[in-house]
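Working notes, structure below.
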Ligand code: SAM
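Below is the structure:
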């Protein structure tokens, strides 16, 4: 697909995501020693309301990924595939905290994004060291400086357990899947797919094609899961404002057409025969999964007065976690 102005506008949302992550980290909501390498001098500060939302988004995603990694030691290998990863630093954070001893981590984005990310990684020592840290338990390749390879004229990068792959998600089967397989992705290995604020920019036809590829190709293994985080509820006035703000920048939230509600998010997987799908909006996450102690700490980090606004905002973002688990061992882990 030739790159369009709309694609360029969609790519610019990556900077928003990186700035938000940086803002929450700089304010003290979360720790991430890596994000600073992906934002230029004086990145914007976000208001407390947004920082609190970012905190919930990042801790929600991280806790699912962490559980997936920690609970699967009996499997020789596991995989995480981040679709539209942008400058997400989750791989680096997890690697430095948990070692990721048997997990291969794949990230996919447009070449304009992966090339910059690959260059940043190869130039910044802390990022490069994370890639080489802790020899991998099962992945045999030795972790030496020359095991980080920049491929495809600077667009892609591979290392013992981290792979950056350029391509257009709208051509998943023809462009992305072959590159995943070339880089050692296996359809037989327990895999968690992650899409954080990405599928929402695709027409349903394209996001469904990704899910259908996963369903068809990973089915025999019976061990795969998908975590998405994205906008919902376009109909009320907050939803309309959310849509209009992006439309003013030339961006359409196309995914809202096919998946506007919590229930339709769930149905997307159920209708494809996945064993289980559950949804949680960000407000529910904040209420149920952020402990009293943690809430008290966050209040000290930054006072938040606008609770009504927070609730309203948080009701327009949701996590969906779905899995297919014919493999009994995997089912036991994933259903927990
Ligand atoms: N997931 C990252 C995070 O949470 O920090 C980045 C989110 S950013 C809002 C959306 C990302 O999806 C951008 O990096 C954009 O380039 C990528 N993206 C959107 N449509 C894409 C497509 N068709 N192919 C590849 N990447 C795409």
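Residue numbers (this note's numbering): 491 to 826. Glycine included, each C-beta is placed from N, C-alpha and C at the ideal position. Just so we're clear, the structure is a prediction, and the values are computed from it rather than from any experiment.
Asked	Found
Validate contact between the region 798 to 806 and the region 709 to 726 using beta carbons, cut 8 Å, 3 pairs	yes
Run of the beta strand (DSSP E) containing residue 808, from where it starts to where it stops	807 to 814
Enclosing beta strand (DSSP E) for residue 655 [first to last residue]	652 to 656
Spatial neighbours of residue 604 in its chain, beta-carbon cut-off 6 Å, leaving aside the 5 residues before and after	645, 654, 656
Identity of the residues DSSP links to residue 770 by a beta bridge	809
DSSP three-state assignment for residue 784, whether helix, strand or coil	helix
Cβ-heavy atom distance, residue 749 to the ligand SAM, below 7 Å	no
Pairwise C-alpha distance: residue 769 and residue 752	6 Å
heavy atom of the ligand SAM below 7 Å from residue 536 C-beta	no
Contact between the region 534 to 547 and the region 789 to 797 (3+ Cβ pairs under 8 Å)	yes
Residue 692 Cβ short of 7 Å to the ligand SAM heavy atom set	yes
Within the region 667 to 707, ranges of the alpha helix (DSSP H) (whole runs, at least 4 residues)	667 to 672
With 16 other Cβ atoms within 10 Å as the buried cut-off, status of residue 504	buried
Check whether residue 647 and residue 700 have beta carbons under 8 Å apart	no
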